[in-house]
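Trainee: What follows is a single structure, and I will ask about it in a moment.
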Amino acid sequence: MPVVGWHASHEQIPPSQLLRDIQLAEQAGFHAAWSSDHITPWSTRQGESGFALSWMGAAMATTAIPVGVVCTPGQRYHPAVMAQALATLAEMFPGRLSAGLGSGEFLNEHVTGDPWPDKATRNARLKESVDVIRALFAGEEVTHHGLVRVDRARLWSLPEQPPRMLALAVSEATARWAAGWADGLVTIWQPQGMLKRIVAAFRENGGEDKPLAMQIHVSWAPDDDEAESIAFDQWRSNVFEPPLCWNLATAEEFDLAAKYVGPEDMYRSVVISSDPARFVECVREAVDLGFDEIYLHHVGQVQQPFIETFGKQVLPALV
Numbered sequence: 507m508p509v510v511g512w513h514a515s516h517e518q519i520p521p522s523q524l525l526r527d528i529q530l531a532e533q534a535g536f537h538a539a540w541s542s543d544h545i546t547p548w549s550t551r552q553g554e555s556g557f558a559l560s561w562m563g564a565a566m567a568t569t570a571i572p573v574g575v576v577c578t579p580g581q582r583y584h585p586a587v588m589a590q591a592l593a594t595l596a597e598m599f600p601g602r603l604s605a606g607l608g609s610g611e612f613l614n615e616h617v618t619g620d621p622w623p624d625k626a627t628r629n630a631r632l633k634e635s636v637d638v639i640r641a642l643f644a645g646e647e648v649t650h651h652g653l654v655r656v657d658r659a660r661l662w663s664l665p666e667q668p669p670r671m672l673a674l675a676v677s678e679a680t681a682r683w684a685a686g687w688a689d690g691l692v693t694i695w696q697p698q699g700m701l702k703r704i705v706a707a708f709r710e711n712g713g714e715d716k717p718l719a720m721q722i723h724v725s726w727a728p729d730d731d732e733a734e735s736i737a738f739d740q741w742r743s744n745v746f747e748p749p750l751c752w753n754l755a756t757a758e759e760f761d762l763a764a765k766y767v768g769p770e771d772m773y774r775s776v777v778i779s780s781d782p783a784r785f786v787e788c789v790r791e792a793v794d795l796g797f798d799e800i801y802l803h804h805v806g807q808v809q810q811p812f813i814e815t816f817g818k819q820v821l822p823a824l825v
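This is the structure we're talking about:
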């Protein structure tokens with residue numbers, strides 16, 4: 507059976523409710539969880555954005571499952587600060603922490619007031635940040651002058667085992683670039699042809715035996731119309747492909763961009779159904795493509811019915 511996890515969407519749900527939800531997800535049989543990390547949601551309708559790294563401590567203290575967090579070192583987070591945060595969590599909760607590292611979105615990073623680099627520069631900054639973080643995890647004192655600057659940084663509280671650092675990639679090019687330095691890959695549900703190319707690019711360039719994780723955005727409800735309505739209300743600002751989604755600055759800008767998105771457009775980004783068997787099929791397809799871990803993100807703001815239904819009708823079917 508693959509690892510089937512639950513996604514904690516801080517952009518949509520208050521952190522106190524997400525804390526209850528992750529506990530419920532563990533009780534329902536989900537094997538793991540991932541957490542997003544934004545300072546701004548993609549839509550005013552989503553309307554939340556708790557601080558994931560502080561929430562992670564509470565979530566991991568009140569569950570026993572592995573938990574990952576998606577984050578961007580280099581601008582909003584200095585890599586030494588990110589390294590300290592991750593090391594602290596990994597020391598308290600050995601073997602349970604993963605970080606999914608990406609080059610970021612202007613939506614979150616512009617709050618520093620610094621310029622927003624192009625994609626190539628952001629990737630280079632991410633790689634520098636990863637190198638700094640790994641050196642700090644190894645107990646080194648780090649000084650670095652480049653796209654990020656570090657002066658004599660050292661971590662004094664280190665975990666016995668550093669957390670996994672996986673790369674976020676939604677394209678072949680990024681998967682190919684990240685394969686050599688990442689501990690694994692995280693991507694999202696896409697057409698199978700694209701997913702096969704992403705997996706091949708990662709596997710053929712240094713990622714041969716590294717884990718593959720996938721996030722699948724889903725919308726489930728007791729009937730199809732309600733499931734579609736939930737997806738349209740909560741996720742229509744998230745249908746845009748790069749570079750547009752990388753470069754918008756506010757939730758209001760995302761809402762404006764989504765002005766002409768219709769309910770029928772949601773099916774390109776979200777698996778929408780009232781039938782639990784449809785989601786079993788999706789997970790099996792991901793496993794057949796080589797993915798070891800699949801994280802289901804129900805795009806609605808109320809998680810309990812989804813968690814309970816999938817715990818009874820989806821997870822048992824995947825054994």
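Residue numbers for the sequence shown follow my numbering, so the first one is 507 and each next one is one higher. Yeah, the Cβ is synthetic: ideal placement off N, Cα and C, and Gly gets one too. All values reported here derive from a predicted model rather than from experimental measurement.
1. Below 8 angstroms on the Cβ atoms is my guess for residue 737 versus residue 772; work out the distance and round it to an integer in Å.
2. Return the CA-CA distance between residue 820 and residue 801, expressed in angstroms with no decimal places.
3. Looking at C-alpha atoms only, which residue of 784, 767, 755 and 766 is the closest neighbour of residue 447?
4. Would residue 541 and residue 514 be called neighbours here (beta carbons separated by less than 8 angstroms)?
5. The alpha helix (DSSP H) that contains residue 703, what's its start and end?
6. Since residue 561 and residue 524 are thought to touch, with beta carbons under 8 angstroms apart, how far apart are those beta carbons, to the nearest angstrom?
7. Going by other Cβ atoms of all chains shown within 10 Å of its Cβ, with 16 needed for buried, is residue 733 buried or exposed?
8. Kindly confirm or deny that the stretch 605-616 and the stretch 745-762 touch, where touching means at least three C-beta pairs closer than 8 angstroms.
9. Can you tell which of 606, 593 and 812 has the C-alpha that lies nearest to the C-alpha of residue 689?
10. Reducing DSSP to helix, strand and coil, say where residue 717 ends up.
11. Please classify residue 721 as buried or exposed, where buried requires at least 16 neighbouring CB atoms within 10 angstroms.
12. Does DSSP put residue 778 in a helix, a strand or coil?
13. Do residue 576 and residue 543 have their CB atoms nearer than 8 angstroms?
14. For the alpha helix (DSSP H) that residue 551 lies in, which residues bound it at each end?
Mentor: By the coordinates alone:
1. Position 231 of the sequence shown holds residue 737. Position 266 of the sequence shown holds residue 772. With 8 angstroms as the limit, residue 737 and residue 772 qualify as a contact, their Cβ atoms being about 4 angstroms apart.
2. Position 314 of the sequence shown, counted from the start, is the residue given in the question as residue 820. Position 295 of the sequence shown, counted from the start, is the residue given in the question as residue 801. So the alpha carbons of these two residues sit roughly 13 angstroms apart.
3. This structure cannot settle anything about residue 447, because the visible part of the chain is limited to 507 through 825.
4. Translated into the one-based positions of the sequence shown, residue 541 becomes position 35. Translated into the one-based positions of the sequence shown, residue 514 becomes position 8. Yes; because the gap between Cβ atoms is below 8 angstroms, this pair is in contact.
5. Translated into positions along the sequence shown, residue 703 becomes position 197. Residues 698-709.
6. By 1-based counting over the sequence shown, the position of residue 561 is 55. By 1-based counting over the sequence shown, the position of residue 524 is 18. Indeed, because the Cβ distance is near 7 angstroms, the residues count as touching under 8 angstroms.
7. The residue labelled residue 733 in the question sits at position 227 within the sequence shown. Classification for residue 733: buried.
8. yes
9. For this step, residue 689 is matched to residue 183 along the sequence shown. For the residues 606, 593 and 812, the minimum Cα distance to residue 689 belongs to 606.
10. The sequence position of residue 717 within the sequence shown is 211, counting from 1. If DSSP states are grouped into helix, strand and coil, residue 717 belongs with coil.
11. Looking up residue 721 in the sequence shown gives position 215. Buried, since its Cβ has 16 or more Cβ neighbours within 10 Å.
12. Here residue 778 is taken as the residue at index 272 of the sequence shown, counted from 1. Here residue 778 sits in strand by DSSP.
13. Position 70 of the sequence shown, counted from the first residue, corresponds to residue 576. Position 37 of the sequence shown, counted from the first residue, corresponds to residue 543. A contact, by the Cβ cut-off of 8 angstroms.
14. One-based indexing of the sequence shown puts residue 551 at position 45. Taken as a continuous stretch (DSSP letters only), residue 551 belongs to no alpha helix (DSSP H), as it is neither H nor E.
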